[in-house]
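Undergrad: Quick one: this structure, given as structure tokens, is what I'll be asking you about.
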Amino acid sequence: MVDQRRSCGDCGSALPPDTDQCPACMLRLGLGAPEQITASRSSTAAPISDVALLFPQLEILDLLGEGGMGTVYRARQKKLQRQVALKLLSRELSSDPAFAERFLREAQALARLQHPNIVSLYDFGETAGYYFLVMEYVDGLNLRQILLRGELKPSEALAIVPQICDGLQYAHEAGVIHRDIKPENVLVDRSGRVKIADFGLAKILDRAVPTIALTGSGQVMGTPHYMAPEQLTDPRHVDHRADIYSLGVVFYELLTGNLPRGRFDLPSRTIAVDVRLDEVVLRALEQQPDRRYQHASELKTDVSSVSGTAAAPGGKDVEASPAAPRWRSVLRSFLWFTGVWVLSGFAFNAGPVALAGAALLFVAIGLTEARRHFTPAVKPGRGPGHAGVWRRALGTVAAAALLAVSFGLFFLATVNRWERSSDGYVSSPQEPEELLHVGEGAMEELVARSAGPLPESERWVAVHDSSDVMDWPKIYRAGYVWIAAALSLGLGMLAAAGAGGALRPLGRLWLPVAGVCAPALLGLMVANGATAIPRWFSSPAALAPLVSAAEVSGEVTAVSDRLYLALLEAGCTVDTRHRWSVVLPGAARATLGMQLLAGQPESPFNRWKITWTGPRRTFPHVVLTLAGPAAGDRTVVKIDAGRSRVDGEDRARWQRLERDLLARAGPSVEPGSRP
Amino acid sequence: MTRGFVTTRWSVVIAARGGDSKGREALSTLCQDYWHPIYAFIRRQGYAAEEARDLTQGYFVLLLEKSVLHDFRPTQGRFRSFLLASVRHFLSDARDRERAAKRGAGQAAIPLDEVVAEESYRREPHTELTPEEIFERRWAFTVIDRAVRRLRDDSARRGTLEQFERLHPFLTGAGSDSYREAGSALGMTEGAVKVAVHRLRRRYGEMLRREVEETVVDPADVDGEIRYLLEVIGRR
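Sequence order for the protein chains is A and B.
First residue of the first sequence: 1, per the numbering used here; consecutive thereafter.
First residue of the second sequence: 1001, per the numbering used here; consecutive thereafter.
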């Protein structure tokens, strides 16, 4: 009689009395595909019922498979009602003291990978000695199964490979290397989307080199056929280009059905495919990493160009990494907005605004270019994650630089003039003492001086250079600068959103705002010169640039009937080719002032300004072209909105003055008539 | 008809539920292979060896004669579950038992090797096992046994029977020989023995899967069934 308490030397389970061979070991030999048979020791082999106890939040549906690294179950998350794949890693691993730390670090890196072509990691952890990963469940087949079916067409291979490239490129940019790309790890779901599985698992399992084992000593069987040469010689210092080699092997196998071993045939000799694909495959399979494709994206580009168009035949194309289209759309809207800005700047003849916009445009284009060139590669010897951090840092710095530049431009364009207008009026440093100031007195002065010959130094001038007429500080003070500043800020944020910095949420917030603002600006442009201006736009802030623009075109914009009469009385010729009396609802309620805008001592030409103060909603600017009493004397007079209201006694005085003026002009002159 | 190499898929039986001769034949072969677990189950119910043999026989007669399969719900999908459920039903039904006993005494529907069955039953440390557990354990052993037999027959066909006899203990490392000893006996180098053992394991694995495949409806269930049997073996 045999000893009843014998146990199996391999797996430790008790041996039944009537056999020398451990039934458990015998059964395990039948598990999985033959090449995946694991040595009995490393089998995790937890029955579904046990697993269900370990994971109360999951409904364990069935066993998907068992491999060297553990067991995979199909499960359903009870709350979310979604299917997941639960991977239990071999229990033996927990005996490795470094494992827990490595597992945590790597799994965290993997959890950050979110890409349509990468199987997502939902959760991970350790429970009852089992390290586990909860992953996206992909309902489909892996490439090995598809290969075994033997029905893969070259066109289908050409549709699959670019998607693998996308997933790899994304992960590589995030600093994660797969290390074990092979047909078993590339899944294709029912809709044809390719998903790369087991990303970085090789790193977690610290399996730099697959060990080929025939007997059970805890070793795992694997295949070195997909490993890059440097993975076998120097496994600790492998970079992302090892994945590109593995992808090359997979690509070759997808095309030809064989592995590129020894002196292998070129794909185009084996099957009917474009000869250029030989080049692509060979370059991916270069022994020296430096001679391979340096990025998966390059491989994709070449494959796509060979397969005709960007869209690979037969397959749905390939979403690029999610960052790319977003960046493009942000860039597009950015260019659009800056373009609008530049155009509107020119349309309003607001030179600095246009220049600032143009400068921003160039900065943006420059940054875009720079970003392309600086797209970080996963460099050899660099730890995972560095590239991602570097990219984010670059994006943030770029966004900050963009903001700084746009603000700087506005500072340069405005502030040096701005500070001169502390009280709302232009106070030129050259302003002579005897010049008129704002208020009713100014009107009196105007009338009085115009009545007689002017002193030489105060001759009214013809304005030759349109830029002389521009009253930048006024314009900015009037509020235009705030619109522009808001624009620059918004555009900066947009750039930040594109660059992927910390400002991205702000950039997102700005998008709808900018979407409203840009048409409004366009509307303003269209409204330039139109007579019917909505009430909101007749605010001083909105109209200032319009008046400036009108000045440049040499047109007299508007004149009050009453003022017109008064000026006539004063002996001036008033050009009123264009009337805009609607915006001057009542000169009686306004105050007139007069001011020297820019005295030029060496020039006989001085520019005067008549300042007009009235209720906010009345017309803020009136520009007059006046002909002086002396022949050839012309001047442009700008009547501007002032700051103070006229009421009480001031109002009475003004009315008196106006009456006087009207009386002097005589009743025969009809308001609004030509001289 | 070489025993052990007929493709007697459980699915054939299911497909032939109406009872055509092909399905019946398939069922008969299956029963022949898997009656040990049934016997052990009945024995564990408290019947004496003689009685158990008659009941087993009677059960199979009933199974093959009547279309018990009509009651079978394919969702169960596994021959093992089906047999266990139906034999339980069979035993609980007193009239069936009586009738079966009568019939079983008369004719042998299945040639039973009662001595072997009884011996292996006795050897089981079954005191703490329920009849169901005994049934399932015996089932697992039967599966392994049949897989090994398939492997043996296969080796015979390949002309490597001697190698099989010598090397099959290495399937699990149960052999007392070393590879070298086995090699010298077979006139092979140690390396060649390793390779041969590796191949033998793979082939055995395939045989086991093929064996299990015959007892399930859906081939995709093979892994699950093996896993279940592993669990059965592991229970103690």
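Glycine residues also receive a C-beta, built at the ideal position from the N, C-alpha and C atoms.
For L27 (chain A), which residues in chain B fall below 8 Å Cβ to Cβ?
TA: A1140, V1143, I1144, L1208, I1226, L1229, L1230, I1233, listed in chain order.
Undergrad: Ends of the beta strand (DSSP E) at A75 (chain A)?
TA: A75 (chain A) -> beta strand (DSSP E) spans 70-77.
Undergrad: For V1212 (chain B), go through chain A and note every residue whose CB falls closer than 8 Å to its CB, in chain order.
TA: G30, listed in chain order.
Undergrad: I need the straight-line Cα distance from Y1059 (chain B) to R1080 (chain B), nearest angstrom please.
TA: Answer to the nearest angstrom: the Cα atoms are 15 Å apart.
Undergrad: Along the chain, where does the beta strand (DSSP E) that runs through G125 (chain A) open and close?
TA: Its beta strand (DSSP E) spans residues 121-127.
Undergrad: For a contact defined as C-beta to C-beta under 8 Å, what are the partners of A24 (chain A) on chain B?
TA: By Cβ distance, chain B contributes L1230, I1233, G1234.
Undergrad: Do Y137 (chain A) and Q81 (chain A) have their CB atoms nearer than 8 Å?
TA: No, these two residues do not count as a Cβ contact at 8 Å.
Undergrad: Run down chain A in chain order and give the residues with a C-beta less than 7 Å from the C-beta of T1160 (chain B).
TA: The premise fails here: T1160 (chain B) is roughly 18 Å from chain A at the closest Cβ pair, so nothing lies under 7 Å.
Undergrad: Leaving aside the five residues before and after Y1179 (chain B) along the sequence, list all residues of the same chain whose C-beta is less than 7 Å from its C-beta, in chain order.
TA: These residues qualify, in order along the chain: E1190, V1193, K1194.
Undergrad: Return the chain-ordered list of same chain residues with a C-beta closer than 7 Å to the C-beta of E676 (chain A), the five sequence neighbours on each side being excluded.
TA: Because chain A here runs from 1 to 675, residue 676 (chain A) falls outside it and cannot be looked at.
Undergrad: Using alpha carbons as the reference points, say which of A:D274, A:P56, A:G30, A:A401 lies closest to S691 (chain A).
TA: Shown here, chain A extends from 1 to 675; a query on residue 691 (chain A) therefore has no answer.
Undergrad: Can you tell me which of the three DSSP states G710 (chain A) falls into?
TA: Chain A is shown only over 1 to 675; residue 710 (chain A) falls outside these bounds and no answer can be derived.
Undergrad: With DSSP collapsed to three states, give me the class of G1046 (chain B).
TA: Looking at G1046 (chain B) - three-state DSSP - the assignment turns out to be coil, as it is neither helix nor strand.
Undergrad: At what residue ranges does the segment 1136-1187 of chain B contain a whole run of the beta strand (DSSP E), taking only runs of 3 or more?
TA: The segment 1136-1187 of chain B contains no whole beta strand (DSSP E) run of 3 or more residues.
Undergrad: Decide if the segment 176-187 of chain A is in contact with the segment 261-276 of chain A; the criterion is three or more beta carbon pairs, one per stretch, under 8 Å apart.
TA: Flag = no, the segment 176-187 of chain A and the segment 261-276 of chain A do not touch.
Undergrad: Give the C-beta separation of L133 (chain A) and A107 (chain A) to the nearest angstrom, bearing in mind that I take them to be a contact with Cβ-Cβ under 8 Å.
TA: Sure, about 7 Å apart at Cβ, within 8 Å.
Undergrad: Under the three-state reduction of DSSP, which class applies to N258 (chain A): helix, strand or coil?
TA: Of the three classes helix, strand and coil, the one that applies to N258 (chain A) here is coil, per DSSP.
Undergrad: Quick check: the Cα distance between R276 (chain A) and H295 (chain A), rounded to an integer number of angstroms?
TA: Answer to the nearest angstrom: the Cα atoms are 18 Å apart.
Undergrad: Between P1219 (chain B) and chain D, is the shortest Cβ-Cβ distance under 8 Å, so that the two count as touching?
TA: You won't find chain D in this structure, because its protein chains are A and B.
Undergrad: Does chain A have any CB closer than 8 Å to the CB of L1171 (chain B)?
TA: It does; some Cβ of chain A falls within 8 Å.
Undergrad: Between Q81 (chain A) and chain B, is any beta-carbon pair separated by less than 8 Å?
TA: Chain B contact via Cβ: absent.
Undergrad: Given a threshold of 16 other Cβ atoms within 10 Å of its Cβ, counted over all protein chains shown, does T194 (chain A) qualify as buried or as exposed?
TA: For the sequence presented, residue 194 (chain A) should be read as Val rather than Thr. Buried.
Undergrad: What in chain B is Cβ-close to Q163 (chain A), meaning under 7 Å?
TA: Near Q163 (chain A) there are no residues of chain B at all, since even the closest Cβ is about 27 Å away, more than 7 Å.
Undergrad: Could you please tell me which residues of the segment 1185-1204 of chain B, in chain order, have their CB closer than 9 Å to any CB of chain A?
TA: Per Cβ criterion, the list reads K1194, V1195, V1197, H1198, R1201, R1202, R1203, Y1204.
Undergrad: Note down the Cα distance separating V1216 (chain B) from Y1204 (chain B), rounded to an integer number of angstroms.
TA: Whole-angstrom Cα-Cα distance: 19 Å.
Undergrad: Suppose you measure from the CA of T71 (chain A) to the CA of Q145 (chain A); what does that come to, to the nearest Å?
TA: T71 (chain A) and Q145 (chain A): Cα-Cα distance of roughly 18 Å.
Undergrad: Report the three-state DSSP secondary structure of K1078 (chain B) (helix, strand or coil).
TA: In the sequence as presented, Lys is not what sits at residue 1078 (chain B); that position holds Arg. Of the three classes helix, strand and coil, the one that applies to R1078 (chain B) here is strand, per DSSP.
Undergrad: Please state the DSSP three-state secondary structure of A631 (chain A).
TA: Because A631 (chain A) carries a pLDDT of 40, less than 50, the predicted location of this residue cannot be relied on, and the following value inherits that uncertainty. Coil, per DSSP.
Undergrad: If you draw a straight line from the C-alpha of G1159 (chain B) to the C-alpha of D1153 (chain B), how long is it?
TA: Taking the straight line from one Cα to the other gives about 10 Å.
Undergrad: Closer than 8 Å, CB to CB, is Q21 (chain A) near chain B or not?
TA: It does: the Cβ of Q21 (chain A) has a partner Cβ on chain B nearer than 8 Å.
Undergrad: List the residues that DSSP assigns as beta-bridge partners of Y130 (chain A).
TA: Bridge partners of Y130 (chain A): A:T127.
Undergrad: Could you say which of B:I1226, B:I1038, B:V1232, B:Q1057 lies nearest to L29 (chain A) if we only look at CA atoms?
TA: Among B:I1226, B:I1038, B:V1232, B:Q1057, the Cα nearest to that of L29 (chain A) belongs to B:I1226.
Undergrad: So what's V1222 (chain B) in DSSP terms, helix, strand or just coil?
TA: In the structure shown, V1222 (chain B) sits in a helix (DSSP, three-state: H, G or I).
Undergrad: In whole angstroms, what is the alpha-carbon distance linking L86 (chain A) and E1181 (chain B)?
TA: Distance between the alpha carbons of L86 (chain A) and E1181 (chain B): 44 Å.
Undergrad: What does the alpha-carbon distance come out to for the pair R149 (chain A) and R236 (chain A)?
TA: Going by the C-alpha atoms only, they are around 36 Å apart.
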